[in-house]
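Novice: Counting from 2, one number per residue, gives the positions in the first sequence under the numbering used here.
Using N, Cα and C, we set each Cβ at its ideal position, and we do this for glycine too.
The structure's right below; bear with me while I get my questions together.
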Amino acid sequence: MLDMRYLRKNSEEAKQRLRDRGVEAETLDQLLTLDQARRDTIQRVENLKAQRNEVSDKIAYAKRQKEDASDAIAQMQQVGSDIKALDAKQAELDEQVNEIAAHLPNLAASEVPVGPDESANVEQRKWAPAHYDNRPEALVKTDWVKAHYDIGEALGILDFERGAKVSGARFLYYVGDGARLERAVYNFMLDEHRKEGYTEMITPIVVNDSAMFGTGQYPKFQDDAYRVAGLDQTYIPTAEVPLTNYYSGETLPAEDLPIKFTALSPSFRKEAGSAGKDTRGLIRLHQFNKVEMVKFTKPEQSYDELEAMTANAENILQKLALPYHVILLSTGDMGFSAAKTYDVEVWMPQQNVYREISSVSNTEDFQARRMHITYRDENNKLQLVHTLNGSGLAVGRTVAAILENYQNQDGSVTIPDVLRPYMGGQEKLEAKSHY
RNA sequence: GGAGCUAUGGCACAAUCUGGUACUGCAACGGACUCGAAAUCCGUCGAGCCGCUUUUGGCGGUGUGCGGGUUCAAAUCCCGCUAGCUCCUCCA
Numbered sequence: 002m003l004d005m006r007y008l009r010k011n012s013e014e015a016k017q018r019l020r021d022r023g024v025e026a027e028t029l030d031q032l033l034t035l036d037q038a039r040r041d042t043i044q045r046v047e048n049l050k051a052q053r054n055e056v057s058d059k060i061a062y063a064k065r066q067k068e069d070a071s072d073a074i075a076q077m078q079q080v081g082s083d084i085k086a087l088d089a090k091q092a093e094l095d096e097q098v099n100e101i102a103a104h105l106p107n108l109a110a111s112e113v114p115v116g117p118d119e120s121a122n123v124e125q126r127k128w129a130p131a132h133y134d135n136r137p138e139a140l141v142k143t144d145w146v147k148a149h150y151d152i153g154e155a156l157g158i159l160d161f162e163r164g165a166k167v168s169g170a171r172f173l174y175y176v177g178d179g180a181r182l183e184r185a186v187y188n189f190m191l192d193e194h195r196k197e198g199y200t201e202m203i204t205p206i207v208v209n210d211s212a213m214f215g216t217g218q219y220p221k222f223q224d225d226a227y228r229v230a231g232l233d234q235t236y237i238p239t240a241e242v243p244l245t246n247y248y249s250g251e252t253l254p255a256e257d258l259p260i261k262f263t264a265l266s267p268s269f270r271k272e273a274g275s276a277g278k279d280t281r282g283l284i285r286l287h288q289f290n291k292v293e294m295v296k297f298t299k300p301e302q303s304y305d306e307l308e309a310m311t312a313n314a315e316n317i318l319q320k321l322a323l324p325y326h327v328i329l330l331s332t333g334d335m336g337f338s339a340a341k342t343y344d345v346e347v348w349m350p351q352q353n354v355y356r357e358i359s360s361v362s363n364t365e366d367f368q369a370r371r372m373h374i375t376y377r378d379e380n381n382k383l384q385l386v387h388t389l390n391g392s393g394l395a396v397g398r399t400v401a402a403i404l405e406n407y408q409n410q411d412g413s414v415t416i417p418d419v420l421r422p423y424m425g426g427q428e429k430l431e432a433k434s435h436y
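Pasting the structure below:
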């Protein structure tokens, strides 16, 4: 949610910044007109209420003195019905204002490149382990490189067919060493984040509507959510929702900030509108595992913490020796709640592209305002915290990247060094006759 | 799933039957006493939200779990809901 006072006072600037986020200027004009009408109504109804309070006190006093108050009561009957009518009008205006305000995306930070879509994103840095000679393209020059889903199926560790049979398209079973590898990957990630000072959590994976509103998924993006039939609850699209809403409605002790959480959770997405895209493999599923990071910070420290969180995501890829680059998203490519977002993209040699494996965002006070998370500053005044979230990392996509980058010509896959302790010292994935 | 009870400031509670300025204590804050502290005494104390404003502040509105209703007036009466507790039932 944006700060209404800012929008009123700086409407021209706000209009431009909203236009950068794809919102038409008329939308803000409409909002401000309704806001003005709302405030006019409030003033009228509050005057009447002040009058009612005053006269009611007099009536109470008169009754205590056993005096007659029927004149005053008759007079207040009219005021009472006027108040009722104006209250109703205000409630209607409140709803109209909220309807627009709740759909406005966050404003981008000043250093975010302005552009309509991903074409305006800006690469920040590139990394690859030494044996790639800083040229991840090197691997693709061999003609035997296979896609991760072909590798996984050949090894018998990814079963998409039975996933589709039992659940539908975009679901799968991990089998045997595949399941073990997935578990090794997320245990490794959680251990790393724990070392970095994140508190490990296991969260509910079903949340109520106010939680989905708090982080910004609702009301605008309900189509992509798995709602529990008949209940006002939703299967989470990311652990960001339960982690960030953990403190909703609370005032945090300033000395505890920044607070850092991490959690593994399944994530559920309908992927509405992406029919036909990435139909094979681990890239775009209705259910996938993700290790998430969330931070609550003071405003002045949130951008340093954004850099730190991005480094936490990169650290995982560096320890896994997977090539990646980091891009700064443009105003047109950022998510609804974000003020600034870095995407980390891992090298996928078979497709010859970088694929998103993490997205790290500072939402500033956008989510905190929606869910009322505050702290007391040096002057003992309540301030909204800043919230950040980032994947650290998408587990399934990490497994896909490992399969492709660590594949050998004989069809086996070498297990990255750092994962071997998590797999009982196993060094390779090889085809087995059966599991 | 069934039955009963409960929900009031940061905490503990009163007022609910019988509608009329939400009691008191603790904590907190300011002050007195003291070399300093404790104790004691005096004073302040409804968080948050909304609106207006001449903005270190002032005024008004709202605010007794949430949402409605009745009434000149609701903590109090009525309806719906949520959460917690106890018992029954079920369950990994």
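Express the C-alpha separation of asparagine 363 and aspartate 344 in angstroms, rounding to a whole number.
Specialist: As a working note, residue 344 is residue 343 in the first sequence. As a working note, residue 363 is residue 362 in the first sequence. Between aspartate 344 and asparagine 363, the C-alpha separation is close to 12 Å.
Novice: Which stretch, first to last residue, makes up the alpha helix (DSSP H) that contains methionine 497?
Specialist: With the chain covering only 2 through 436, there is no way to say anything about residue 497.
Novice: Roughly how many angstroms separate the alpha carbons of glutamate 55 and valine 386, rounded to a whole number?
Specialist: One-based indexing of the first sequence puts residue 55 at position 54. One-based indexing of the first sequence puts residue 386 at position 385. When only Cα atoms are considered, glutamate 55 and valine 386 end up about 40 Å apart.
Novice: Throw me the rounded Cβ distance for the tryptophan 128 and glutamate 315 pair, which I believe falls under 8 Å.
Specialist: Position 127 of the first sequence, counted from the start, is the residue given in the question as residue 128. Position 314 of the first sequence, counted from the start, is the residue given in the question as residue 315. Indeed they touch by this definition, with Cβ atoms about 7 Å apart.
Novice: Which term fits glutamine 91, buried or exposed, when burial requires 16 or more other beta carbons within 10 angstroms of its beta carbon?
Specialist: For the purposes of this step, residue 91 is identified with residue 90 of the first sequence, where counting begins at 1. Of the other Cβ atoms in all chains shown, 16 or more fall within 10 Å of the Cβ of glutamine 91; this residue is therefore buried.
Novice: Pop quiz: glycine 157 and alanine 432 are said to be a contact at Cβ under 8 Å. What is the actual Cβ separation, rounded to whole angstroms?
Specialist: On the first sequence, position 156 is the one that residue 157 refers to. On the first sequence, position 431 is the one that residue 432 refers to. That belief holds up - the Cβ atoms of glycine 157 and alanine 432 are roughly 6 Å apart, short of 8 Å.
Novice: Exposed or buried, which one is serine 232 when buried takes at least 16 other CB atoms within 10 Å?
Specialist: Working through the first sequence from its first residue, we reach residue 232 at position 231. Looking at the sequence shown, residue 232 is not serine but leucine. The residue in question, leucine 232, is exposed, as its Cβ has fewer than 16 Cβ neighbours within 10 Å.
Novice: So is glutamine 44 buried or exposed if we call it buried at 16+ other beta carbons inside 10 Å?
Specialist: Reading the first sequence from its first residue, position 43 is the one you call residue 44. Its Cβ having fewer than 16 others within 10 Å, glutamine 44 is exposed.
Novice: Taking buried to mean at least 16 other C-beta atoms within 10 Å of its own C-beta, is asparagine 122 buried or exposed?
Specialist: Counted from its first residue, the first sequence places residue 122 at position 121. Under this definition asparagine 122 is a buried residue.
Novice: Going by DSSP, name the residue or residues bridged to isoleucine 260.
Specialist: Counted from its first residue, the first sequence places residue 260 at position 259. Answer is Phe297, bridged to isoleucine 260.
Novice: Go to asparagine 316, then tell me how far its alpha helix (DSSP H) extends in each direction, as first and last residue.
Specialist: On the first sequence, position 315 is the one that residue 316 refers to. Run containing asparagine 316: 303-320, per the alpha helix (DSSP H) assignment.
Novice: So asparagine 517 and methionine 372 are supposed to be a Cβ contact under 8 Å. How far apart are they, rounded?
Specialist: Past the edges of the chain, shown from 2 to 436, lies residue 517, and the structure says nothing about it.
Novice: In chain order, which beta strand (DSSP E) runs of at least 3 residues are fully inside the stretch 72-139?
Specialist: 123-128
Novice: Comparing C-alpha positions only, which one of Glu365, Ser331 and Ile317 sits nearest to glycine 393?
Specialist: Counting from one through the first sequence, the residue named residue 393 turns up at place 392. When C-alpha distances from glycine 393 are compared across Glu365, Ser331 and Ile317, the shortest belongs to Ile317.
Novice: If we count the other Cβ atoms within 10 Å of its Cβ and call it buried at 16 or more, is asparagine 353 buried or exposed?
Specialist: Here residue 353 refers to the residue found at position 352 of the first sequence. Asparagine 353 is exposed by the Cβ-count criterion.
Novice: Please tell me whether arginine 195 and methionine 424 are closer than 7 Å, where the distance is taken between their beta carbons.
Specialist: Here residue 195 refers to the residue found at position 194 when the first sequence is read from its first residue. Here residue 424 refers to the residue found at position 423 when the first sequence is read from its first residue. The answer is no: Cβ separation not under 7 Å.
Novice: Using CA atoms only, rank isn't needed, just tell me which of Asp41, Ala102, Ala51 and Ile74 is closest to tyrosine 7.
Specialist: Here residue 7 refers to the residue found at position 6 of the first sequence. For the residues Asp41, Ala102, Ala51 and Ile74, the minimum Cα distance to tyrosine 7 belongs to Ala102.
Novice: Judging by CA-CA distance, which residue of Asp41, Asp411, Leu404 and Val347 is the nearest neighbour of leucine 159?
Specialist: As a first step, residue 159 must be located in the first sequence, where it is residue number 158. Looking at the Cα atoms, Leu404 is the closest of the given residues.
Novice: Could you give the distance in angstroms between the alpha-carbon of arginine 270 and the alpha-carbon of arginine 22?
Specialist: Residue mapping note: residue 270 aligns to position 269 of the first sequence, counting from 1. Residue mapping note: residue 22 aligns to position 21 of the first sequence, counting from 1. Using only the alpha carbons, I get a separation of about 23 Å.
Novice: What separation, rounded to the nearest whole angstrom, lies between the Cα atoms of tyrosine 262 and tyrosine 376?
Specialist: Here the question's residue 262 lines up with position 261 in the first sequence. Here the question's residue 376 lines up with position 375 in the first sequence. Looking at the sequence shown, residue 262 is not tyrosine but phenylalanine. Distance between the alpha carbons of phenylalanine 262 and tyrosine 376 is about 18 Å.
Novice: Among Val186, Ile206 and Glu379, which one has its Cα closest to the Cα of aspartate 418?
Specialist: Position 417 of the first sequence, counting from 1, holds the residue named residue 418. A check of alpha carbon separations from aspartate 418 across Val186, Ile206 and Glu379 identifies Val186 as the nearest.
Novice: Measuring alpha carbon to alpha carbon, tell me which residue in Tyr219, Phe297 and Val242 is nearest alanine 255.
Specialist: Indexing the first sequence from 1 puts residue 255 at position 254. Comparing Cα-Cα distances from alanine 255 to each of Tyr219, Phe297 and Val242, the minimum goes to Phe297.
Novice: Can you grab the Cα-Cα spacing for the pair glutamate 301 / glutamate 379, in whole Å?
Specialist: Taking the first residue of the first sequence as 1, we reach residue 301 at position 300. Taking the first residue of the first sequence as 1, we reach residue 379 at position 378. If you take the alpha carbons of glutamate 301 and glutamate 379, they lie about 13 Å apart.
Novice: According to DSSP, is alanine 148 helix, strand or coil?
Specialist: Start at 1 with the first residue of the first sequence, and residue 148 comes out as number 147. In the structure shown, alanine 148 sits in coil (DSSP, three-state: anything other than H, G, I, E or B).
Novice: So who's on the other strand from valine 347, going by DSSP bridges?
Specialist: As a first step, residue 347 must be located in the first sequence, where it is residue number 346. In the DSSP output, where bridge partners are listed per residue, valine 347 has Tyr325 and Arg356.
Novice: Can you grab the Cα-Cα spacing for the pair lysine 166 / aspartate 366, in whole Å?
Specialist: Along the first sequence, one-based indexing puts residue 166 at 165. Along the first sequence, one-based indexing puts residue 366 at 365. About 44 Å.
Novice: Could you tell me the distance, in whole angstroms, from the CA atom of glycine 426 to the CA atom of asparagine 107?
Specialist: Against the first sequence, residue 426 aligns to sequence position 425. Against the first sequence, residue 107 aligns to sequence position 106. Going by the C-alpha atoms only, they are around 47 Å apart.
Novice: Report back the beta-carbon spacing between phenylalanine 214 and proline 220 to the nearest angstrom; my notes put them in contact at under 8 Å.
Specialist: Sequence index remark: in the first sequence, residue 214 carries index 213 (1-based). Sequence index remark: in the first sequence, residue 220 carries index 219 (1-based). Sure, about 7 Å apart at Cβ, within 8 Å.
Novice: With respect to the alpha helix (DSSP H) encompassing histidine 194, which residues constitute its N-terminal and C-terminal limits?
Specialist: What you label residue 194 is simply residue 193 of the first sequence in a count that begins at 1. Unbroken alpha helix (DSSP H) run through histidine 194: 178-196.
Novice: Going by other Cβ atoms of all chains shown within 10 Å of its Cβ, with 16 needed for buried, is isoleucine 203 buried or exposed?
Specialist: For this step, residue 203 is matched to residue 202 along the first sequence. That one is exposed.
Novice: Write down every uninterrupted run of the alpha helix (DSSP H) in the stretch 354-390 whose length is 4 residues or greater and which is fully enclosed by it, in chain order.
Specialist: 367-372
Novice: Name the DSSP bridge partner or partners of methionine 424?
Specialist: In the first sequence, residue 424 corresponds to position 423, counting from 1. According to DSSP, methionine 424 bridges with nothing at all.
Novice: Our contact map puts tryptophan 348 next to asparagine 406 with C-beta atoms below 8 Å; I'd like the distance itself, whole angstroms only.
Specialist: As a first step, residue 348 must be located in the first sequence, where it is residue number 347. As a first step, residue 406 must be located in the first sequence, where it is residue number 405. Indeed they touch by this definition, with Cβ atoms about 7 Å apart.
Novice: With glutamate 27 as the anchor, note down where its alpha helix (DSSP H) starts and where it stops.
Specialist: Residue mapping note: residue 27 aligns to position 26 of the first sequence, counting from 1. Start and end: 26-65.
Novice: Would you mind stating whether glycine 412 and alanine 148 have Cβ atoms separated by less than 7 Å?
Specialist: Working through the first sequence from its first residue, we reach residue 412 at position 411. Working through the first sequence from its first residue, we reach residue 148 at position 147. Cβ distance not < 7 Å, so glycine 412 and alanine 148 don't count as in contact.
Novice: Taking DSSP's pairing of strands, which residues face asparagine 246 in a bridge?
Specialist: Translated into positions along the first sequence, residue 246 becomes position 245. DSSP output for asparagine 246 lists no bridge partner at all.
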